[in-house]
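Line by line, the protein sequences give chains P and Y. Read in the numbering used here, the first sequence has 69 at position 69, and its numbers run on one by one without any break. Read in the numbering used here, the second sequence has 695 at position 343, and its numbers run on one by one without any break.
Number of protein chains: 2
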Amino acid sequence: MSPQEQLVENAVKAKAKPARIQLAHGAGGQLTDELVKSHVLPRLGNDVLNELLDAAIIDPQHGSLAMTIDSFVVRPWKFPGGDIGRLAICGTINDLAVSGAKPAGIALAMILAEGLPISVMDDILDSVSTAAKEAQVQIVTGDTKVVGHDQADGIFLITAGVGRIPARRTLGPAQVKPGQVLVINGPIGEHGLAVMMARELPEAQLTVKSDVAPLNGLIDAAFSAVPNAIAFLRDPTRGGLAGVCSDLARQCGFRIILDEAAIQVRPEVRSAAEIFGLDPLDIANEGKVVMAVSERVARRLVAALRAHPLGRDAAIIGRVDTAEDGICELQTLIGGRRIVQKAHGEEPPRIF
Amino acid sequence: MSPQEQLVENAVKAKAKPARIQLAHGAGGQLTDELVKSHVLPRLGNDVLNELLDAAIIDPQHGSLAMTIDSFVVRPWKFPGGDIGRLAICGTINDLAVSGAKPAGIALAMILAEGLPISVMDDILDSVSTAAKEAQVQIVTGDTKVVGHDQADGIFLITAGVGRIPARRTLGPAQVKPGQVLVINGPIGEHGLAVMMARELPEAQLTVKSDVAPLNGLIDAAFSAVPNAIAFLRDPTRGGLAGVCSDLARQCGFRIILDEAAIQVRPEVRSAAEIFGLDPLDIANEGKVVMAVSERVARRLVAALRAHPLGRDAAIIGRVDTAEDGICELQTLIGGRRIVQKAHGEEPPRIF
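This is the structure:
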């Protein structure tokens, strides 16, 4: 092979299989999936991890536990509607709650950069405290590490959560069947765009407020309203509603049909999405939950959600079709239909 | 106040209360304690967190669980005897095991820097896998975030663990009484000095190998050998043996007397400690456990530990005295006595 041919082959190889971590590997799209499936699961995989759930279900012989972990590296730390501290608590509470678990304890690790003003850490801890009180959970253990100021930009938080799953709750894509409908507790796209606006256009007049909130109370209310009728719960964070619904369609094997007219997007969110050229369907939420329930209880569920402060705009946004093709389809406002896919990973990362 | 007086006052204030995070805040010494006690506990404190145990004991009404979290930011990632992946698994397994818990699951979060060679991540994941198999535990859930390459140096790992505590195990400083002795499973100071040598003097002939290992099997063997006789278990990581023993003396209220002649330090560890001007007592270990047991079963315990590959050099290294002054004292090789205190935080950090 000539040196020229070798160069071309190397370039093709490099393009085909990036040998270095890219920002998009952490954005929750297809690239994240690929990293996990090609590098993590072959090394660490087991029956529990391979499920890739928001929270793992462990130790079933002793009464099931749910366990979850998440890192938070969002910049800026503070954004309209929340900060990294509130995000860390709500993210973990919500992962437990959508697994059907009652939170039993939260562990909080901080990685601080040398030189971080202690007052910044204090403000973030105040916010952690407020969110934990709101969710009625305790921080039970923690860890603090400090790294050189050139090695991390200020503060990363990592939260793990553990919860107990009431014996009769069986949730998951396998429970999702034709005849069920999808319900969400409000408008989409707020968290991701709030952070992007705060980071990229801090001087703009347009303010988008993050929806970051602990959903365990709302989800408790849902289980009380329609006991044993909830088939599936997921919080549309990284990857947005498109990610949750396309994953769900693939996993349950049926077609999911979303109704664009029923999916609420606040005007300021729509404007911000246009600025960034993004689809609100792909944008992360931090105070939303998608539920699949049988159609007969859907109105009762929506009424119960609307009675809760975090569910005032709850709505039925789609349904599970009988077609067994595992695709997610959007019925658009103008009467067309398009396939909804998980974003490739181009969504601006670091909004968590 | 004159400008000069103002300057002096400001300098005094700044010295009295550093307003910024320092590396030593993460080193596990007195400064870490102070940060936790002055900033974290006032905001997040509760009955469980305030105990500041290696692993929190939660949800006792349903059969107690132990929960722990730790971040790993060690540099270099790889050092003689281990790497950041092995360290993350062993650290978390050991925190559970010294709480008397049987590990039920480990959660692993990765914070990767953009540009990290994927092969480095793969090597670290291989090491995670090996350590998890050694400890016979599963990674049950995980999370991956990517940050800009100027914002983190390569890779941080964060592990959380949850375990079940067999009903009859009651461990802790409150169980430690005069007449008990302290046992350790081998020589001290290896992990911290292995990392410091690898980082600061990579070209040196002197090689110190980290002791990083999962201790759950050894601790199971100890519980089998002397059932119900173990009063206290702690792994002397950050803060070293000095940190564990001075904390224990303060917490149990009795004097702890350590016998320097019985505390083993390998020659290469002693040499390395001299190079850095450090006392091996203050150096972190990652494969050691300190146990307090009544004197009558101590020989049986030591024999059981010596029968295990991780306890071949187990020894009795001290005793709990009747003096109720809560101090830790070292009987030195030359027949003197000195007080052992927790280091202030000057130990080179980032060895975890």
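Here a beta-carbon is modelled for each residue, glycine too, at the ideal position from N, C-alpha and C.
C-alpha distance - residue i paired with residue j, whole-angstrom precision
i, j, result
"Leu570 of chain Y", "Lys561 of chain Y", "20 Å"
"Ala487 of chain Y", "Pro267 of chain P", "53 Å"
"Asn580 of chain Y", "Arg651 of chain Y", "15 Å"
"Ala484 of chain Y", "Met196 of chain P", "38 Å"
"Gly29 of chain P", "Lys342 of chain P", "6 Å"
"Gly100 of chain P", "Arg521 of chain Y", "30 Å"
"Gly691 of chain Y", "Gly378 of chain Y", "According to the sequence shown, residue 691 of chain Y is Ile rather than Gly. Their backbone Cα atoms lie some 24 Å apart in a straight line."
"Ile118 of chain P", "Leu404 of chain Y", "21 Å"
"Pro530 of chain Y", "Thr384 of chain Y", "29 Å"
"Ser294 of chain P", "Thr322 of chain P", "14 Å"
"Gly434 of chain Y", "Asp475 of chain Y", "11 Å"
"Ile111 of chain P", "Leu375 of chain Y", "11 Å"
"His501 of chain Y", "Leu477 of chain Y", "20 Å"
"Gln683 of chain Y", "Val40 of chain P", "50 Å"
"Val774 of chain Y", "Thr141 of chain P", "Only positions 353 to 704 of chain Y appear in this structure, which leaves residue 774 of chain Y out of reach."
"Gln557 of chain Y", "Gly63 of chain P", "54 Å"
"Ile409 of chain Y", "Val137 of chain P", "15 Å"
"Asn637 of chain Y", "Leu401 of chain Y", "24 Å"
"Ala762 of chain Y", "Ser390 of chain Y", "Nothing can be reported for residue 762 of chain Y, as the shown portion of chain Y is limited to 353 through 704."
"Gly253 of chain P", "Glu324 of chain P", "6 Å"
"Leu653 of chain Y", "Val564 of chain Y", "22 Å"
"Val614 of chain Y", "Gly687 of chain Y", "In the sequence on display, residue 614 of chain Y carries Ala and not Val. Looking at the two C-alpha atoms, the distance is approximately 13 Å."
"Gly513 of chain Y", "Val672 of chain Y", "31 Å"
"Leu417 of chain Y", "Val128 of chain P", "23 Å"
"Cys245 of chain P", "Glu555 of chain Y", "54 Å"
"Gly243 of chain P", "Ala292 of chain P", "15 Å"
"Arg590 of chain Y", "Gly541 of chain Y", "11 Å"
"Val649 of chain Y", "Arg250 of chain P", "59 Å"
Contact set between residue i and chain Y, taken where Cβ atoms lie within less than 7 Å
i, result
"Asp122 of chain P", "His391"
"Asn46 of chain P", "Gln490"
"Asp162 of chain P", "Reading off the sequence shown, one finds Val at residue 162 of chain P, where the question assumed Asp. Ordered by position in chain Y, the residues that pass the 7 Å Cβ test against Val162 of chain P are Leu417, Met419, Val514."
"Val73 of chain P", "Ile463, Lys497, Val499"
Distance between beta carbons of residue j and residue i, contact taken as under 8 Å
i, j, result
"Arg607 of chain Y", "Glu552 of chain Y", "With 8 Å as the limit, Arg607 of chain Y and Glu552 of chain Y do not qualify as a contact, their Cβ atoms being about 36 Å apart."
"Leu448 of chain Y", "Ala407 of chain Y", "5 Å"
"Gly311 of chain Y", "Met67 of chain P", "Examination of residue 311 of chain Y is not possible in this model, given that chain Y is present from 353 through 704 alone."
"Ile316 of chain P", "Val181 of chain P", "5 Å"
"Val425 of chain Y", "Val147 of chain P", "5 Å"
"Pro236 of chain P", "Ile93 of chain P", "The Cβ separation is near 16 Å, so there is no contact."
"Pro103 of chain P", "Gly192 of chain P", "No, Pro103 of chain P and Gly192 of chain P are not in contact; Cβ-Cβ is about 24 Å, not under 8 Å."
"Gln527 of chain Y", "Ala583 of chain Y", "4 Å"
"Gly154 of chain P", "Ala113 of chain P", "5 Å"
"Leu388 of chain P", "Glu260 of chain P", "No statement about residue 388 of chain P is possible, as the shown extent of chain P runs from 1 to 352 and does not include it."
"Thr144 of chain P", "Leu387 of chain Y", "7 Å"
Distance CB(residue i)-CB(residue j) smaller than 7 Å
i, j, result
"Asn482 of chain Y", "Asp422 of chain Y", "Per the sequence shown, the amino acid found at residue 482 of chain Y is Thr instead of Asn. No. Outside cutoff."
"Lys640 of chain Y", "Ile536 of chain Y", "yes"
"Asp282 of chain P", "Gly240 of chain P", "yes"
"Phe352 of chain P", "Ala194 of chain P", "no"
"Leu116 of chain P", "Ile373 of chain Y", "yes"
"Ile299 of chain Y", "Gly670 of chain Y", "Lying outside 353 to 704, the shown extent of chain Y, residue 299 of chain Y is not represented and no answer is given."
"Pro173 of chain P", "Asp313 of chain P", "no"
"Val98 of chain P", "Leu305 of chain P", "no"
"Pro632 of chain Y", "Ala624 of chain Y", "no"
Contact list for residue i against chain Y, beta-carbon separation under 8 Å
i, result
"Arg43 of chain P", "Asp474, Leu477, Asp478, Val480, Ser481"
"Lys288 of chain P", "Neighbours of Lys288 of chain P on chain Y: none; closest Cβ ~19 Å, over 8 Å."
"Phe352 of chain P", "Lys497"
"Thr32 of chain P", "Thr496"
"Asp70 of chain P", "Ala461, Asp495"
Residues that residue i contacts on chain P, provided the C-beta gap is smaller than 7 Å
i, result
"Ala407 of chain Y", "Thr141"
"Phe508 of chain Y", "Ile111"
"Ile470 of chain Y", "Ala19, Arg20, Ile21, His39"
Per-residue contacts from residue i into chain P (C-beta, under 8 Å)
i, result
"Gly378 of chain Y", "Leu112, Thr144, Lys145, Val146, Val147"
Chain P contact residues for residue i, given Cβ-Cβ distances below 9 Å
i, result
"Met715 of chain Y", "Any answer about residue 715 of chain Y is impossible in this case: the structure gives chain Y only from 353 up to 704."
"Asp599 of chain Y", "Simply none; closest approach about 16 Å."
Neighbour list for residue i in chain A, Cβ cutoff strictly below 8 Å
i, result
"Gly105 of chain P", "Looking for chain A here will not work: the only protein chains present are P and Y."
9 Å Cβ cut-off: residues of chain Y touching residue i
i, result
"Gln22 of chain P", "Glu466, Gly467, Val498"
"Val36 of chain P", "Gly494, Thr496"
List in chain order: all unbroken beta strand (DSSP E) runs of 3+ residues lying wholly within the region 578-625 of chain Y.
-> 582-586, 608-611
Within the region 16-54 of chain P, ranges of the alpha helix (DSSP H) (whole runs, at least 4 residues) | With a minimum length of 4 residues, the continuous alpha helix (DSSP H) runs that stay inside the region 16-54 of chain P are 30-35, 41-44.
Considering only residues of the region 531-578 of chain Y, which uninterrupted alpha helix (DSSP H) runs meet the minimum length of 4 residues and lie entirely inside it, listed in chain order?
-> If we require 4 residues or more, the alpha helix (DSSP H) runs fully inside the region 531-578 of chain Y come out as 542-552, 568-577.
Any beta strand (DSSP E) of 3 or more consecutive residues that is wholly inside the region 471-521 of chain Y | 491-499, 507-516
Hey, which unbroken runs of the beta strand (DSSP E) at 3 residues or more fall wholly within the region 51-91 of chain P?
-> 56-58, 65-72
Could you name each continuous beta strand (DSSP E) segment of 3 residues or more that falls completely within the region 289-324 of chain P, going from the start of the chain to the end?
-> 290-294, 315-320
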